[in-house]
Amino acid sequence: MDLFSYEVPIKLVLFAHRNGSIAVRNAAGKYVKPYQQFFKHKSFLIPHKMSIHNMLAHMYFTQMGLRPGVAGKEAVNVLFDVVPPVGMPEFLKGNPEVSGFMVAEPIGSRAIAAGIAERQFLSSEIWDGHPCCVVVFRDEFINTYPEAVQEFTTMLVEAGLFIRDNLDQAAEIAVRFLDPQGKLGLETTLLRNVLSDPQGITTDDLYPEIGDLDTIQRYMTSKMEIGRAIDLDSFVDCRFADAAYRHLGLARRPGKERQAAGAGEQKLNVFEQTQTLATREGKYLIFQLAEERYGIGVLDVREIIGLMEITELPNMPSFFEGVINLRDKVIPVLDMRAKFGMARTEHTERTCIIVVEISGLRGSTLMGVIVDGVSEVANIRAEEVEDAPVFGKGVDTSFILGMAKLQAGVTILLDIDRILHAREMVQLSATL
Numbered sequence: 353m354d355l356f357s358y359e360v361p362i363k364l365v366l367f368a369h370r371n372g373s374i375a376v377r378n379a380a381g382k383y384v385k386p387y388q389q390f391f392k393h394k395s396f397l398i399p400h401k402m403s404i405h406n407m408l409a410h411m412y413f414t415q416m417g418l419r420p421g422v423a424g425k426e427a428v429n430v431l432f433d434v435v436p437p438v439g440m441p442e443f444l445k446g447n448p449e450v451s452g453f454m455v456a457e458p459i460g461s462r463a464i465a466a467g468i469a470e471r472q473f474l475s476s477e478i479w480d481g482h483p484c485c486v487v488v489f490r491d492e493f494i495n496t497y498p499e500a501v502q503e504f505t506t507m508l509v510e511a512g513l514f515i516r517d518n519l520d521q522a523a524e525i526a527v528r529f530l531d532p533q534g535k536l537g538l539e540t541t542l543l544r545n546v547l548s549d550p551q552g553i554t555t556d557d558l559y560p561e562i563g564d565l566d567t568i569q570r571y572m573t574s575k576m577e578i579g580r581a582i583d584l585d586s587f588v589d590c591r592f593a594d595a596a597y598r599h600l601g602l603a604r605r606p607g608k609e610r611q612a613a614g615a616g617e618q619k620l621n622v623f624e625q626t627q628t629l630a631t632r633e634g635k636y637l638i639f640q641l642a643e644e645r646y647g648i649g650v651l652d653v654r655e656i657i658g659l660m661e662i663t664e665l666p667n668m669p670s671f672f673e674g675v676i677n678l679r680d681k682v683i684p685v686l687d688m689r690a691k692f693g694m695a696r697t698e699h700t701e702r703t704c705i706i707v708v709e710i711s712g713l714r715g716s717t718l719m720g721v722i723v724d725g726v727s728e729v730a731n732i733r734a735e736e737v738e739d740a741p742v743f744g745k746g747v748d749t750s751f752i753l754g755m756a757k758l759q760a761g762v763t764i765l766l767d768i769d770r771i772l773h774a775r776e777m778v779q780l781s782a783t784l
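The opening residue of the sequence shown carries number 353 in my numbering; numbering runs sequentially from there.
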């Protein structure tokens, strides 16, 4: 679809399979509640920026209340790195900074069998029946050799049915095809388990539904801000699939009407319903500035320390106090009063520094924030949170998650990753 958007003369003629991918987590880590902590501020491997794996992993982590994305996006706290699929298990092995990967099977199941990874979810659990691999031909080949394209399309549809009806033989063929020299260590039993999983790969429903592709391009362009929308009716050529299905006496997607372009809007709304308020519920560390109460997610808090010697740095924003040396690690410190435009006051015995981990354009970093005092850790439910008020143009409230109505008083929930703007993060990184 991305190639077509750049006027490469190609047509999609068939899906090659549906579902069939798996997300795994690093077996070396401790996976305990809150589960978001396992993935936050770490890398997660995907095979390509424009892949369905990127989209489905983005959906999953967004539903967890995290902000996934590739390097260069502001406030990303799960960093997607592109790695060739066959190399993913080695990248994961012995690397605690890599939380997991998402890939087409059987690479994920092989990593699980080797003790490198643990299953997180199957792609069908996010979107059951999603397209994955596709069959694409150049226009010139279609126009020159339409009979060959038809034969190839029909044979693929037949092969999909064969896999469904002959799992043992299909697994044997798959091992010989995918691992002819035995370098991947694939086994027939492993492949059969992958093919027989009721939530796994399906090959008997390969008709190229435009509505499914529309769902993909709508999510990627609107939610992930990657790619460009295309004219799907010009991109998908259903002639060969239609002829193959007629020849084999198959109904197109049994029990379903063909989805037209534009059908992605309804599917997108279903995805969005599970993401509403996902980033606002959880445990928060509550602190004070003057008479106001603020909260930051405990997942971002690394420790709370008393005031210590701060070394000033030149050419920094006025709200930066400087840096501290905390166990031989240089950490920048900002004054939250100054950042919010409040008058500075004398520090008291309750004044402290909260060390937080923030996500920026270049990954995660530690930062200290000076506050008037810390009061409690509160477990805040979604129904207790309201949207922040709108103050009009010129007033930035992007760092406010919402207003929590608690028994102790209204508490302003902060998105610590958005406290600093991109230009300030770049300036800070360059100085340090």
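C-beta atoms are modelled at their ideal positions from N, C-alpha and C, and glycine is treated no differently.
Reducing DSSP to helix, strand and coil, say where Tyr-383 ends up. Locating residue 383 in the sequence shown gives position 31, counting from the first residue. In the structure shown, Tyr-383 sits in coil (DSSP, three-state: anything other than H, G, I, E or B).
Quick check on DSSP: helix, strand or coil for Ser-574? Position 222 of the sequence shown, counted from the start, is the residue given in the question as residue 574. Helix.
What are the complete alpha helix (DSSP H) segments, minimum 4 residues, inside the region 398-448? 404-415, 440-444, all fully within the region 398-448.
DSSP state of Gly-725, grouped into three classes? To locate residue 725, count along the sequence shown from 1; it is residue 373. Reduced to three states, the DSSP call for Gly-725 is strand.
Taking 6 Å as the limit between beta carbons, can you name the residues of its chain near Ser-357, skipping five residues before and five after? Residue numbering aside, residue 357 sits at position 5 when the sequence shown is read from its first letter. Same-chain partners within the cutoff: Arg-580, Ile-582.
Sorted by chain position, which residues of the same chain lie with C-beta nearer than 7 Å to Leu-542's C-beta, five sequence neighbours on each side aside? Working through the sequence shown from its first residue, we reach residue 542 at position 190. In the same chain as Leu-542, and ignoring 5 residues on each side of it, the C-beta atoms closer than 7 Å to its own belong to Pro-458, Ser-461, Arg-462, Ala-465, in chain order.
Taking the beta carbon of Arg-570 as the centre, do at least 16 other beta carbons fall within 10 Å, making it buried, or is it exposed? Residue mapping note: residue 570 aligns to position 218 of the sequence shown, counting from 1. So Arg-570 ends up on the buried side.
Buried versus exposed, by CB contacts within 10 Å (16 or more), Asp-687: Within the sequence shown, residue 687 is the residue found at index 335, counting from 1. Around the beta carbon of Asp-687, a 10 Å sphere encloses 16 or more other beta carbons of the protein chains shown; the residue is thus reported as buried.
What residues in its chain sit with their C-beta under 8 Å from that of Leu-659, if we drop five residues either side in the sequence? Counting from 1 along the sequence shown, the entry for residue 659 is found at position 307. Result list for Leu-659: His-699, Thr-703, Cys-704, Ile-705, Ile-722, in chain order.
Just the Cα atoms here: how many angstroms apart are Gly-674 and Ile-657? Here residue 674 refers to the residue found at position 322 of the sequence shown. Here residue 657 refers to the residue found at position 305 of the sequence shown. When only Cα atoms are considered, Gly-674 and Ile-657 end up about 16 Å apart.
Simplified DSSP state of Asn-545, which is helix, strand or coil: Numbered from its first residue, the sequence shown carries residue 545 at position 193. Asn-545: helix per DSSP, three-state reduction.
For Asp-652 versus Ile-768, is the C-beta distance shorter than 8 Å? Mapped onto the sequence shown, residue 652 falls at position 300. Mapped onto the sequence shown, residue 768 falls at position 416. Taking 8 Å as the cut-off, the beta carbon of Asp-652 is found closer than this to the beta carbon of Ile-768.
Excluding the 5 residues preceding and the 5 following Asn-371 in the sequence, name in chain order all residues of the same chain whose CB lies nearer than 8 Å to its CB. The residue labelled residue 371 in the question sits at position 19 within the sequence shown. Within the same chain, Asn-371 has close Cβ partners Leu-474, Ser-475, Ser-476, Asp-480, Gly-481, His-482, Cys-484, Gln-551, Gly-552, Ile-553, Thr-554.
Here's a check: name, in chain order, each residue in its chain whose Cβ is nearer than 6 Å to the Cβ of Glu-661, leaving out the five neighbours to either side. For the purposes of this step, residue 661 is taken as residue 309 along the sequence shown, with counting starting at 1. Excluding positions up to five away in sequence, the list is empty.
Less than 8 Å between the C-beta atoms of Leu-718 and Arg-654, yes or no? In the sequence shown, residue 718 corresponds to position 366, counting from 1. In the sequence shown, residue 654 corresponds to position 302, counting from 1. Note that the C-beta distance between Leu-718 and Arg-654 is below 8 Å.
Thinking C-alpha only, which one of Phe-671, Val-708, Ile-676, Leu-678 is nearest Gly-693? Locating residue 693 in the sequence shown gives position 341, counting from the first residue. The alpha carbon of Gly-693 has as its nearest neighbour, out of Phe-671, Val-708, Ile-676, Leu-678, the alpha carbon of Phe-671.
Roughly how many whole angstroms lie between the Cα atoms of Asp-566 and Cys-590? Residue 566 sits at position 214 when you count from the first residue of the sequence shown. Residue 590 sits at position 238 when you count from the first residue of the sequence shown. Each residue's CA atom was taken as its position, placing Asp-566 and Cys-590 some 15 Å apart.
Give me the Cα-Cα distance between Gln-389 and His-405, rounded to the nearest whole angstrom. Taking the sequence shown and counting its residues from 1, the one referred to as residue 389 is at position 37. Taking the sequence shown and counting its residues from 1, the one referred to as residue 405 is at position 53. The straight-line gap from Cα to Cα measures roughly 21 Å.
Under 8 Å between C-beta atoms of Val-708 and Ile-648: Here the question's residue 708 lines up with position 356 in the sequence shown. Here the question's residue 648 lines up with position 296 in the sequence shown. Cβ distance < 8 Å, so Val-708 and Ile-648 count as in contact.
Grouping DSSP H, G and I as helix and E and B as strand, with all else coil, what is Met-450? Here residue 450 is taken as the residue at index 98 of the sequence shown, counted from 1. Going by the sequence as given, residue 450 is Val instead of Met. In this structure, DSSP gives Val-450 an extended state, which the three-state scheme calls strand.
Decide if Leu-355 is buried, meaning its Cβ has at least 16 other Cβ atoms within 10 Å, or exposed. Within the sequence shown, residue 355 is the residue found at index 3, counting from 1. Its Cβ having fewer than 16 others within 10 Å, Leu-355 is exposed.
From the DSSP output, read off the bridge partner residues of Met-719. Walking along the sequence shown from the start, residue 719 turns up at place 367. According to DSSP, Met-719 shares a beta bridge with Val-708.
Our contact map puts Leu-321 next to Gly-512 with C-beta atoms below 8 Å; I'd like the distance itself, whole angstroms only. The structure shown does not extend to residue 321, since the chain is modelled only from 353 through 784, so no value can be given for it.
Report the residue from His-393, Glu-728, Arg-632, Gly-452 whose alpha carbon sits nearest the alpha carbon of Arg-645. Numbered from 1 along the sequence shown, position 293 holds the residue referred to as residue 645. The shortest CA-to-CA distance from Arg-645 to any of His-393, Glu-728, Arg-632, Gly-452 is the one to Glu-728.
Assuming Met-572 contacts Met-407 (C-beta within less than 8 Å), just tell me the rounded distance between them. As a working note, residue 572 is residue 220 in the sequence shown. As a working note, residue 407 is residue 55 in the sequence shown. So it is a contact: roughly 6 Å between Cβ atoms.
Separation of Val-487 from Tyr-597, as counted between CA atoms: Walking along the sequence shown from the start, residue 597 turns up at place 245. Walking along the sequence shown from the start, residue 487 turns up at place 135. A direct Cα-to-Cα measurement between Tyr-597 and Val-487 gives close to 16 Å.
Tyr-636 versus Ile-732 - alpha carbon distance: Along the sequence shown, read from residue 1 onward, the residue named residue 636 stands at position 284. Along the sequence shown, read from residue 1 onward, the residue named residue 732 stands at position 380. Taking the straight line from one Cα to the other gives about 7 Å.
Are Arg-471 and Val-546 close, meaning C-beta to C-beta below 8 Å? Residue mapping note: residue 471 aligns to position 119 of the sequence shown, counting from 1. Residue mapping note: residue 546 aligns to position 194 of the sequence shown, counting from 1. No, these two residues do not count as a Cβ contact at 8 Å.
What does a CB cutoff of less than 6 Å around Val-428 pick up in its chain, not counting 5 residues either side in sequence? Along the sequence shown, one-based indexing puts residue 428 at 76. Within its own chain, the residues whose Cβ lies closer than 6 Å to the Cβ of Val-428, once the five positions on either side in sequence are excluded, are Arg-419, Gly-421, Ser-711, listed in chain order.
Would Gly-754 and Glu-735 qualify as a contact pair, given that the criterion is a beta-carbon distance under 8 Å? In the sequence shown, the residue the question calls residue 754 occupies position 402. In the sequence shown, the residue the question calls residue 735 occupies position 383. Remark: C-beta atoms of Gly-754 and Glu-735 do not approach each other more closely than 8 Å.
State the Cα-Cα distance for the pair Arg-610 and Ala-740, rounded to the nearest angstrom. Residue 610 sits at position 258 when you count from the first residue of the sequence shown. Residue 740 sits at position 388 when you count from the first residue of the sequence shown. Only weak support is given to the placement of Arg-610: the predicted model assigns it a pLDDT of 47, under 50, and the value that follows is read from those uncertain coordinates. Taking the straight line joining both Cα atoms gives about 42 Å.
Measure the C-alpha to C-alpha separation of Val-365 and Gly-446 and round it to an integer number of angstroms. Looking up residue 365 in the sequence shown gives position 13. Looking up residue 446 in the sequence shown gives position 94. The straight-line gap from Cα to Cα measures roughly 42 Å.
Excluding five sequence neighbours on each side, which residues of the same chain lie with their C-beta closer than 6 Å to the C-beta of Leu-765? Mapped onto the sequence shown, residue 765 falls at position 413. Answer for Leu-765: Gly-647, Leu-753, Gly-754, Ala-756, listed in chain order.
Return helix, strand or coil for Gly-327, following the three-state DSSP convention. Nothing about residue 327 can be reported from this structure: the residues present for the chain run from 353 to 784 only.
Cβ-based neighbour list, Gly-381, same chain, cut-off 8 Å, excluding 5 preceding and 5 following: As a first step, residue 381 is located in the sequence shown; it is residue number 29 there, counting from the start. Residues of the same chain with a CB within less than 8 Å of the CB of Gly-381, apart from the 5 flanking positions on each side, are Phe-390, Pro-448, Ser-451 in chain order.
Ends of the beta strand (DSSP E) at Val-685? The residue given as residue 685 occupies position 333 in the sequence shown. For Val-685, the enclosing beta strand (DSSP E) starts and ends at 681-687.
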